[in-house]
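**Student:**
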Amino acid sequence: MGYSDGINELVAEGAKLYAAKEFDDASEKYAEACENFSNEHGEEDADLLLLYGKSLFQSAVLKSEVFGGTGGNEENDDENIEKEGEQEDDGNFQFCDDAPLAEEDDDEGGAAAAEEEEEEESGNEADKQDAGGEEEEDEEEQSDFEVAWEILDLTRSLFENKLEKVQSQGEKLKSPYLSRDNEETDNEFVILTKKLSETYDLLGEVSLEAENFPQSAIDLQNCLDLRLKLYNPENSSLISESHYKLSLALEFCVEDPESRSKACEQMRLAIESVRDRNNKEKDPSKKKDNDDLVQDLEVRYQELERDPADDLKNEQMNIIKGILGEPSNGGEDKSPVANLVNDLSSVVKKKPSKPAVNDLTSMVKKRKPTSKNGESSKKSKK
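Every letter in the sequence shown is one number past the one before it in the working numbering, and letter 20, counting from 1, is 20.
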């Protein structure tokens, strides 16, 4: 279904803003495009929703990074404001200490007490409003990822419905449907499968950023399943990427006792996938990049293979030996913990506050985001 000139113009403007990393403005353009399409046709368009959801996600990530960098300063400002308020309250209490003298004049005392109570109540109301404002801001920050996920989940549903209607075009296809990642096709079944796999990939990334690891693992597994049908494992960087991301999500599914072994297996498959690609790579620079990538992935694989409980015990023993003045296992050069005896926080293996989805490019060569289609209208009214 073609778009009207107005929608095409909005999509083009959104694409320019997205390329310039002006994700908020891009989201507004895509949201307007989604709304216009809905008004014109009485239904949502999955392609526009995909663009809208992708832009919302990038906007949420950008805001998350900004707030994360300035959060400490904001807390200090809040503390200073609270201290100033406490000082003012202390002055009021000193005034209240003089209240017994007011018993000599009931009228003046009553007026003063009433006035004081009004000031306290107004002060409390102001504090409540400030606290409420902060809570609303926090909810708004947290809801950015939620809104992106809801838009993309609606996109997923629409693509799946479309895919069911063209099942006949995929009945005679043999996997992999495509010989390489960037191969073009006019088969509607394959085109929709590609779009659905991209949607699942984005859903998984949104949940990773929101630290909803079980949901992320589900969506990334669905993405991987589709990509294994679409692309050739021997030359697909998208399959390598999916294995890596799924490993990351599984690693933090701490409720599942098997999650670490599953994460380890996905990391092993990611390594094999990169090696298979590299065996057929003829470009020397790309081969070098792939070799470096394999080394990075192998480090992660070795970390996943280790039992976290054993690592914790070893670090505890090294700290105890350091306190007692005994040499730690492996010597000083091999045990940085021995040099950090006073840093007892290193005893505990801390989960990263947020696995950096957008830092995955340091290990996995991510495809550039395609800005072909658009995003949603109903959610634009949030």
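Note that beta-carbon positions come from the ideal geometry of N, C-alpha and C, so glycine has one too.
1. Are residue 196 and residue 159 closer than 8 Å when you measure CB to CB?
2. Could you say which of 242, 29, 60, 7 lies nearest to residue 41 if we only look at CA atoms?
3. Are the region 59-68 and the region 31-51 touching, with three or more C-beta to C-beta distances below 8 Å?
4. By the three-class DSSP mapping on this structure, what secondary structure does residue 237 have?
5. Taking DSSP's pairing of strands, which residues face residue 192 in a bridge?
6. How far does the alpha helix (DSSP H) with residue 10 in it reach, from first residue to last?
7. For residue 187, which option in 200, 230, 61 has the closest C-alpha, if you only look at C-alpha atoms?
8. Looking only at C-alpha atoms, which of 271, 156, 211, 209 sits nearest to residue 238?
9. Quick check: residue 173 and residue 200, are their CB atoms within less than 8 Å of each other?
10. What's the C-alpha gap between residue 57 and residue 30?
11. What's the C-alpha gap between residue 206 and residue 316?
12. Candidates 243, 53, 163, 250: which alpha carbon is nearest residue 147's?
13. Can you check which of these residues, 185, 260, 23, is closest to residue 170 by C-alpha distance?
14. How would you label residue 144, buried or exposed, when you count the other beta carbons within 10 angstroms and need 16 or more for buried?
15. Assign residue 258 to buried or exposed, taking buried as 16 or more other Cβ atoms, counted over all protein chains shown, within 10 Å of its Cβ.
16. In whole angstroms, give me the CA-to-CA distance for residue 282 and residue 307.
17. Pull up the CB-CB distance for residue 202 and residue 243, whole angstroms please, since I reckon it's below 8 Å.
18. Suppose contacts are defined by Cβ-Cβ distances below 8 Å. Is residue 217 in contact with residue 246 by that definition?
19. Is it right to say residue 61 is buried, meaning 16 or more other beta carbons lie within 10 angstroms of its own, or is it exposed?
20. Which same chain residues end up closer than 6 Å to residue 234 when comparing Cβ atoms and leaving out the 5 residues on each side of it in sequence?
21. Measure the CB-CB distance between residue 294 and residue 274 and report whether it falls below 8 Å.
22. How big is the Cα-Cα spacing for residue 204 and residue 223?
23. Thinking C-beta only, is residue 255 closer than 8 Å to residue 263?
24. Use the C-beta contact count for residue 333: other C-beta atoms within 10 angstroms, 16 or more gives buried, fewer gives exposed.
25. Does the Cβ of residue 261 have 16 or more other Cβ atoms within 10 Å, making it buried, or fewer, making it exposed?
26. Thinking C-alpha only, which one of 27, 28, 33, 208 is nearest residue 4?
27. Taking just the CA atoms, how far does residue 11 sit from residue 19?
28. Rounded C-beta distance between residue 49 and residue 151? I'm assuming under 8 Å.
29. Can residue 2 and residue 55 be called in contact, C-beta distance under 8 Å?
30. If you follow the alpha helix (DSSP H) that residue 182 is in, where does it begin and where does it stop?
31. Report, in whole angstroms, the separation of the C-beta atoms of residue 23 and residue 59, which I expect to be a contact under 8 Å.
32. Quick check on the burial criterion: 16 or more other C-beta atoms within 10 angstroms. Buried or exposed for residue 194?
33. Would you tell me roughly how many angstroms separate the C-alpha atoms of residue 212 and residue 249, rounded to the nearest one?
34. Apart from the five residues just before and just after residue 267, which ones in its own chain have a Cβ nearer than 8 Å to its Cβ?
35. How far does the alpha helix (DSSP H) with residue 278 in it extend, from its first residue to its last?
**Tutor:** Reading from the atomic positions:
1. On the sequence shown, position 196 is the one that residue 196 refers to. On the sequence shown, position 159 is the one that residue 159 refers to. In this structure, residue 196 sits near residue 159, with a CB-CB distance shorter than 8 Å.
2. For the purposes of this step, residue 41 is taken as residue 41 along the sequence shown, with counting starting at 1. Minimum Cα distance to residue 41 is reached at 7.
3. no
4. On the sequence shown, position 237 is the one that residue 237 refers to. Correct three-state label for residue 237: helix.
5. As a working mapping, residue 192 is identified with position 192 in the sequence shown. None; residue 192 has no bridge partner.
6. Locating residue 10 in the sequence shown gives position 10, counting from the first residue. Residues 5-19.
7. As a first step, residue 187 is located in the sequence shown; it is residue number 187 there, counting from the start. Comparing Cα-Cα distances from residue 187 to each of 200, 230, 61, the minimum goes to 230.
8. For the purposes of this step, residue 238 is taken as residue 238 along the sequence shown, with counting starting at 1. The residue with the shortest Cα to Cα distance from residue 238 is 271.
9. Here residue 173 corresponds to residue number 173 of the sequence shown, with the count starting at 1. Here residue 200 corresponds to residue number 200 of the sequence shown, with the count starting at 1. No. Outside cutoff.
10. On the sequence shown, residue 57 is found 57 positions in, with the first residue counted as 1. On the sequence shown, residue 30 is found 30 positions in, with the first residue counted as 1. Answer to the nearest angstrom: the Cα atoms are 13 Å apart.
11. For the purposes of this step, residue 206 is identified with residue 206 of the sequence shown, where counting begins at 1. For the purposes of this step, residue 316 is identified with residue 316 of the sequence shown, where counting begins at 1. So the two alpha carbons sit approximately 36 Å from each other.
12. Taking the first residue of the sequence shown as 1, we reach residue 147 at position 147. Residue 53 is the option with its Cα nearest to residue 147.
13. Translated into positions along the sequence shown, residue 170 becomes position 170. When each option's Cα is compared against that of residue 170, the closest is 185.
14. Position 144 of the sequence shown holds residue 144. Looking at its Cβ environment, which holds 16 or more other Cβ atoms inside 10 Å, residue 144 is buried.
15. Locating residue 258 in the sequence shown gives position 258, where the first residue counts as 1. Residue 258 should be labelled exposed.
16. Along the sequence shown, read from residue 1 onward, the residue named residue 282 stands at position 282. Along the sequence shown, read from residue 1 onward, the residue named residue 307 stands at position 307. Computed Cα separation, rounded: 38 Å.
17. Start at 1 with the first residue of the sequence shown, and residue 202 comes out as number 202. Start at 1 with the first residue of the sequence shown, and residue 243 comes out as number 243. So it is not a contact: roughly 17 Å between Cβ atoms.
18. Here residue 217 corresponds to residue number 217 of the sequence shown, with the count starting at 1. Here residue 246 corresponds to residue number 246 of the sequence shown, with the count starting at 1. In contact: residue 217 and residue 246 (Cβ atoms closer than 8 Å).
19. Numbered from 1 along the sequence shown, position 61 holds the residue referred to as residue 61. Buried.
20. Residue mapping note: residue 234 aligns to position 234 of the sequence shown, counting from 1. Result list for residue 234: 276, in chain order.
21. Taking the sequence shown and counting its residues from 1, one reaches residue 294 at position 294. Taking the sequence shown and counting its residues from 1, one reaches residue 274 at position 274. Yes, the Cβ-Cβ distance between residue 294 and residue 274 is below 8 Å.
22. Residue mapping note: residue 204 aligns to position 204 of the sequence shown, counting from 1. Residue mapping note: residue 223 aligns to position 223 of the sequence shown, counting from 1. Between the alpha carbons of residue 204 and residue 223 lies a distance of about 8 Å.
23. Translated into the one-based positions of the sequence shown, residue 263 becomes position 263. Translated into the one-based positions of the sequence shown, residue 255 becomes position 255. Cβ distance not < 8 Å, so residue 263 and residue 255 don't count as in contact.
24. Numbered from its first residue, the sequence shown carries residue 333 at position 333. Residue confidence for residue 333 is low, a pLDDT of 46 falling below 50, so the modelled location carries little weight and cannot support an answer.
25. Here the question's residue 261 lines up with position 261 in the sequence shown. Residue 261 comes out exposed.
26. Along the sequence shown, one-based indexing puts residue 4 at 4. With distances taken between Cα atoms, residue 4 lies closest to 33.
27. As a working mapping, residue 19 is identified with position 19 in the sequence shown. As a working mapping, residue 11 is identified with position 11 in the sequence shown. One Cα belongs to residue 19, the other to residue 11, and the distance between them is close to 12 Å.
28. Locating residue 49 in the sequence shown gives position 49, counting from the first residue. Locating residue 151 in the sequence shown gives position 151, counting from the first residue. Sure, about 6 Å apart at Cβ, within 8 Å.
29. In the sequence shown, residue 2 corresponds to position 2, counting from 1. In the sequence shown, residue 55 corresponds to position 55, counting from 1. Cβ distance not < 8 Å, so residue 2 and residue 55 don't count as in contact.
30. As a working note, residue 182 is residue 182 in the sequence shown. Neither: residue 182 is in no alpha helix (DSSP H) and is coded neither H nor E.
31. Along the sequence shown, read from residue 1 onward, the residue named residue 23 stands at position 23. Along the sequence shown, read from residue 1 onward, the residue named residue 59 stands at position 59. With a Cβ gap of about 4 Å, residue 23 and residue 59 count as contacting.
32. On the sequence shown, residue 194 is found 194 positions in, with the first residue counted as 1. Around the beta carbon of residue 194, 16 or more other beta carbons lie within 10 angstroms, which makes this residue buried.
33. The residue given as residue 212 occupies position 212 in the sequence shown. The residue given as residue 249 occupies position 249 in the sequence shown. Roughly 9 Å between the two C-alpha positions.
34. Mapped onto the sequence shown, residue 267 falls at position 267. The residues are 243, 244, 247, 297, 300, 301, 304.
35. On the sequence shown, residue 278 is found 278 positions in, with the first residue counted as 1. Start and end: 259-279.
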